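Accompanying notes for the structure given below.
2 protein chains.
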Amino acid sequence: MKIGLIGYGTIGCGVAELLLEKRRHPNLELVKIADIDLERKRDFMPDKSLFTTDAFEILNDPEIDTVIELMGGIEPARSYILSAFANGKDVVTANKALLSSCWKEIMEKANSCKRRIRFEASVAGGIPLLSAVFSGLGANKIEAVYGIINGTTNYILTRMEKTKESFSNALAEAQKKGYAEACPSFDIDGIDTAHKIAILASLCFGKTSPVSSIYTEGIRRITHFDISCAAELGYSIKLLGISRMDKDRLSIRVHPTMLKKEHMLSSVSDVYNAVYIKPDLTGPLLFFGRGAGRYPTASAIYADLLALKRGEEFCIPEVEMVEPINITEITSKYYIRVQAEDMPGVLAMISGVLAENNVSIASCIQKERGKAVPIIMITHEAREGAIVSSLSKIDKSPFIKEESLKIRIEEI
Amino acid sequence: MKIGLIGYGTIGCGVAELLLEKRRHPNLELVKIADIDLERKRDFMPDKSLFTTDAFEILNDPEIDTVIELMGGIEPARSYILSAFANGKDVVTANKALLSSCWKEIMEKANSCKRRIRFEASVAGGIPLLSAVFSGLGANKIEAVYGIINGTTNYILTRMEKTKESFSNALAEAQKKGYAEACPSFDIDGIDTAHKIAILASLCFGKTSPVSSIYTEGIRRITHFDISCAAELGYSIKLLGISRMDKDRLSIRVHPTMLKKEHMLSSVSDVYNAVYIKPDLTGPLLFFGRGAGRYPTASAIYADLLALKRGEEFCIPEVEMVEPINITEITSKYYIRVQAEDMPGVLAMISGVLAENNVSIASCIQKERGKAVPIIMITHEAREGAIVSSLSKIDKSPFIKEESLKIRIEEI
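Taken in sequence, the protein lines are chains A and D. Here the first sequence is numbered in the numbering used here, starting from 49 and rising by one per residue. Here the second sequence is numbered in the numbering used here, starting from 49 and rising by one per residue.
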C-alpha cells in the first residue's frame, strides 16, 4: 500500500511517525505528505523529499493507492476526497465536520468509484468504536446511543466539579493545557459533539439529520453552583450527544445532561470520552478511552490502513436524511435554576406558572438568603415545550434578574 | 453460507432463533442442528427435520461450509473442530475451555487447512471486544489487560456488597436466578476467568500460559466484612483476570482484587463484564457490557458469521506458550485479615512477624472487641513471597483461630 497524507498538523505528525519510525510496516508505505505550510515547526520532520505543498501531487499520483485526509473542515477536504475516489484511491479520514455535512455525497462517490472509506478516528479518537459497531453488532437493532464525545468540555466540567472553579477559569486552564483552541466555540458550544453524534446516528440507525437541524446547546451557562446542586441531588452534569429512535422518528441532540452518579457515564472524567450504546440483543455497552490526541488518533488511522490492507470494508448503511423530533416535543425531567429576588410571593409565582403549564415539581432547593437567590427545582417528567413556555413567562417577571436555566435529566 | 450448529443448549437456541426467525439473513442459512439429547424441552424448537443426534451428519456434509460449535468442554468439541477444518469448513465457537487448552493445535490445524476460526463469544459474551482488539488496535503494543469476565462472581460480590449477605446466601441467590450452575466451582473458583484471561493474553501479547500454570484463586473466602472494610478504605473487591508484560515476562493470574472506588472497573456491578486494556498509543480503554446470556452470546456468534461471510479473518498472532512469573515473585499492596484472639501481645506478634519479613504496614483497623477479633491491615508494596511467609508464621500462633486472608490491591 502506497500512502499519501494530506494535512500535516499534530495528528499528521503522529501518523507519519508511526508509519516511518515507531510502527514501520512492510505493507504500509508513506510516500508523500502535502501541506500548504511547510515552514511551521513540527516535532516530527521526515526527509524533505517526502513533502509537497500541492495536494494534487498526491491525488494525481497513480502510484498512490490510499489517501489519508487530515486537513479538517469542509473545503478543500471534500473536493480532495472526491478526487481521490475518482482517481481510484481509498480514503482514510478523521474529518467529522465533512462526514456529518456531506455523508451522502461522499458515500455515493465512494460506491460509484468502487472505492472504500474508513473513518475510525472521526468519533471518539482512540476508542475502536466504529470497528466494534460495524463488525460486532451486525445482529442488533440499536435503540439509542449516548456519548461523551468531546474531551475539552468533559475536562472543563470535571475541573469545575473538582476545583469549584468558574467556567471561564476552567476554560482558561483547558486552553493552557492545549485541550481547547484559542477560539473554543467549536467545542464548548457543542458543535463538535453534534458532528460526531450525526455520524453515530448514521451508523447506528441508518438515519441522521443535517447538523443544522440538530438541537445543539453547549456548556457556557453551567456554573459551579449547578454542578454542586446536581451532586447534592445525586447527579453529575455531562455534555452528551444523544440519539435514539422514538417510534420510527429520530431524536438527535446535544446538550448538558444530568445523569445519576451511579451511571457509568458519570464516572468518565477529564479528557476521556465514552459512548454508551443500547443494542437490543447484547444489552447496553460502554466504550471508554481517549477521544483525541496525537497517538490515540494516529492509532485509529493506522488501524484503518491495516483494515484496508486486509481488504476489510465498513459495511456502511444506506443513510436517510430526516428531520429529527423537534426539541420542544421531547419529554424529560428537568433541573431548573431561577435567579430570583428574595421577596414574598416569588416562589408562589414560579410554582404557579409551572402548574399552569402542567409541570409538576418533584423537589426544590433554596439555600441562601440575600438579594438574588438561586431557586433550584427538579420537575417530574414534562414536555420541553411546557418548560420553555414556563421559563419564558417566569423570566418576564420583575423579580427575575437573569435568564433561567434548564438542564435535562436523562435516565439512561 | 450453509451453517451447521453442534450443541443445542441455551445459546444454541438463541443462535437458531436469530438465524431462523428474528434476524433472518439471505446469506446465513442454518441447515442442520446436532445435539445428543433431542428430547429435552427447549424454548425455541424449529422444524424436526433440521435435527440430528449425529454431529458427523454436519461434519461430513459437503454442503455445509460453516460449523458453529456450542457444546463446550474439551472433547468431543476438539475433535469435531479439527474434523470441521479437515473437511474444509470454517468454525465459529464460544468454547473458552477448549481455546485456552488447545490453542496451538486448533490454530495450526486451521492454518494448515486454510480455514478460519472466530470466537468473539468466548470472552465477555456480548461485548464486541475481540473485534475491537483485532481490528482496532493493530498499531499498539498492549501493556496490560484487566478483566471482570465472569458475570456470576461479579453478581455474587455485588450482592454481598449491596445486601450485606454472606457468600453462601449470595451464591444461592445467583443459583436461583440461573446465573450460577448447581455445581458452581467453575465460576466461583476462578476457573472460567482463567480460561478467558488465557485467551486475552494470547491476543494481546502473543504469549499465554497453560491454564494449569495460571495462579487462580476464587471468591469463596471473601466475607461481607472484607467488602465493608474495603469500602471504608475506599476500595471495591472484584474478581479480576489480570495479564501484563513485566520486562518481557508474562504475568497472568486470577484472584479477588481490591480496586480504588473511583476506578471505572469498580462501578461494574451485577452480572456485567468489563475489560480494561492498556495499549501504548491509545492509552487505557474500557469495554463494558453483558458477558453471558442467550441473546448477547448469540449476537457475538452472529457477528462472527457475518464477518466470515464478508471474508474477514481474525489476524491471529503466533502464540508462544510460556511459564508465567510465579505468583510469589509479584509485588503488590495487600489487604490482610487476621482472625485473632483478643489478648495482650497479639498485635505485637503480628506486626513483629511482618517486620521480620520486611513487610511494612500502611494502616490498621481493629474494630470489635471480643473473643476473636478480625484485625485488618493494609501493607505498603511488598513481595508476595514475604506476605505468604508472614501469614504462614502468623497462622501457626496459638492466638490465631482461622487461616488469615490476603487480598491484592491493584493500582491500575
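Glycine included, C-beta positions come from ideal geometry on N, C-alpha and C. Here the structure is a predicted model, which is why all the values come from computation and not from measurement.
DSSP-derived helix/strand/coil call for residue i
i: A/Glu389; result: strand
i: A/Lys157; result: helix
i: D/Asn202; result: helix
i: D/Ala192; result: strand
i: A/His243; result: helix
i: D/Lys449; result: coil
i: D/His303; result: strand
i: D/Met208; result: helix
i: D/Gly52; result: strand
i: A/Glu360; result: coil
i: D/Tyr343; result: helix
i: D/Val421; result: strand
i: A/Ser317; result: coil
Reference residue i; option with closest CA among the options
i: A/Tyr194; options: A/Leu205, A/Met208, A/Val171 and A/Phe215; result: A/Val171
i: D/Thr330; options: A/Asn321, A/Tyr320 and A/Ser347; result: A/Ser347
i: A/Cys161; options: A/Asn143, A/Phe335, A/Gly186 and A/Ala132; result: A/Ala132
i: A/Arg72; options: A/Leu185, A/Leu354 and A/Ile236; result: A/Leu354
i: A/Met208; options: A/Ser276, A/Gly254, A/Ser183 and A/Leu453; result: A/Ser276
i: D/Pro110; options: D/Ile409, D/Ile285 and D/Gly52; result: D/Gly52
i: A/Ala103; options: A/Glu77, A/Thr114 and A/Tyr128; result: A/Tyr128
i: D/Glu404; options: D/Phe215, D/Glu310, D/Thr211 and D/Ser438; result: D/Ser438
i: A/Asp294; options: A/Ser216, A/Glu360 and A/Asn374; result: A/Asn374
i: A/Glu65; options: A/Lys152, A/Arg342 and A/Glu459; result: A/Arg342
i: A/Gly393; options: A/Tyr382, A/Ile442 and A/Lys381; result: A/Ile442
is_contact[residue i, chain C] using C-beta, thresh 8 Å
i: D/Pro344; result: No chain C appears in the structure shown, which is made up of the protein chains A and D.
Integer Cβ distance of residue i from residue j, believed to fall under 8 Å
i: A/Lys137; j: A/Glu105; result: About 13 Å separates the two Cβ atoms, so there is no contact after all.
i: D/His243; j: D/Ser148; result: 4 Å
i: A/Arg166; j: A/Phe336; result: The pair is not a contact, with the Cβ atoms about 22 Å apart (cut-off 8 Å).
i: A/Pro176; j: D/Gly184; result: 2 Å
Proximity test, Cβ basis, 8 Å: residue i and chain A
i: D/Met312; result: yes
i: D/Asn406; result: no
i: D/Ile175; result: yes
i: D/Ser214; result: no
i: D/Tyr227; result: no
i: D/Phe92; result: no
i: D/Arg164; result: no
i: D/Tyr203; result: no
i: D/Glu77; result: no
i: D/Ala18; result: The structure shown does not extend to residue 18 of chain D, since chain D is modelled only from 49 through 460, so no value can be given for it.
i: D/Gly359; result: yes
i: D/Thr330; result: yes
i: D/Ala355; result: yes
Cβ of residue i within 8 Å of any chain D Cβ
i: A/Ser291; result: no
i: A/Ile236; result: no
i: A/Ile460; result: no
i: A/Arg71; result: yes
i: A/Ser315; result: yes
i: A/Ala187; result: yes
i: A/Ser179; result: yes
i: A/Ala430; result: no
i: A/Leu307; result: no
i: A/Gly195; result: no
i: A/Arg338; result: yes
i: A/Gly184; result: yes
i: A/Phe253; result: no
Alpha carbon of residue i to alpha carbon of residue j, nearest angstrom
i: D/Leu287; j: D/Ile236; result: 9 Å
i: A/Ile364; j: A/Leu395; result: 53 Å
i: A/Glu156; j: D/Pro232; result: 54 Å
i: D/Ser234; j: D/Asp240; result: The sequence shown places Phe at residue 234 of chain D, not Ser. Straight-line Cα distance between these residues: approximately 6 Å.
i: D/Ala340; j: D/Leu334; result: 18 Å
i: D/Thr345; j: D/Leu118; result: 11 Å
i: D/Arg297; j: A/Leu219; result: 44 Å
i: A/Tyr350; j: A/Val63; result: 7 Å
i: A/Lys189; j: D/Val140; result: 22 Å
i: D/Lys449; j: D/Leu205; result: 25 Å
i: D/Ser261; j: D/Ser291; result: 13 Å
i: A/Arg90; j: D/Ile59; result: 54 Å
i: D/Glu371; j: A/Ala279; result: 48 Å
i: A/Met93; j: A/Lys70; result: 14 Å
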